[in-house]
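The structure appears below as structure tokens.
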Amino acid sequence: MGESGGKCVILKPISRGLTKMRLLGNIEAKTDSKGRVFLPAAFRKVLQGESSDTLVLRKDVYQPCLTLYPESAWSKQMDFLCSKINRWNPAHQQIYRQFLSAVELVTPDSSGRILIPKRLLESAEIRQGIRFIGMGDYIEIWSSENTVKPFVSHEEFTDALEHLLSDQAPTSGGQPCK
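Residue numbers (the numbering used here): 11 to 188.
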């Protein structure tokens, strides 16, 4: 159960003395026979800065992976979701129920391990080898087997990025990330 490679960066003050959490990196690990895995030290360090012991784990809506949120980032996601639904609409209520029924609250133990429930391991096709991918304010947990090849080809990636940013690209010098 080790970790290798990857980096995690914390971006310092953005404005008015606020800091923004950044979970970045690509780190391999292994689950044990009980489904426990060590949270990579680089990610633990960032999460400790959030002062939250509780993490929110769920199956990703679109991909065969798990998403792990610090409580503060999860709260923002919930606020956004709640702003989009009408609880008096039965279809919205079903979506809300389904979204929340897949959630597990996990707390790292004193060694920095989390327990991934068997149903979530199965839903993400995780056997033993996993890859943590930092996604800014949350972490994706993938089966190592599902990350062997790129998520999209280099050409598809550059075309999509060009399309996404072409109208917003700075004319010179670039802009810092916000």
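Yeah, the Cβ is synthetic: ideal placement off N, Cα and C, and Gly gets one too.
DSSP, read as helix, strand or coil, puts glutamate 60 in coil. Lysine 40 places its beta carbon less than 8 Å from that of glutamine 138. When Tyr79, Pro74, Glu38 are compared, the shortest CA-CA separation from arginine 32 is found for Tyr79. DSSP places leucine 49 in the coil class of the three-state scheme, outside both helix and strand. Taking the CA atoms as reference points, glutamine 87 sits about 30 Å from aspartate 42. DSSP, read as helix, strand or coil, puts lysine 40 in strand. By the Cβ neighbour-count rule, valine 162 is exposed, with fewer than 16 other Cβ atoms within 10 Å of its own. Comparing alpha-carbon positions, the option among Trp152, Glu132, Trp84 lying closest to phenylalanine 109 turns out to be Trp84. In the DSSP annotation of this structure, the continuous segment of the beta strand (DSSP E) that includes lysine 69 starts and ends at 65-69. Counting only runs of at least 3 residues, the region 65-101 fully encloses the following beta strand (DSSP E) elements, listed from N- to C-terminal order: 65-69, 75-80.
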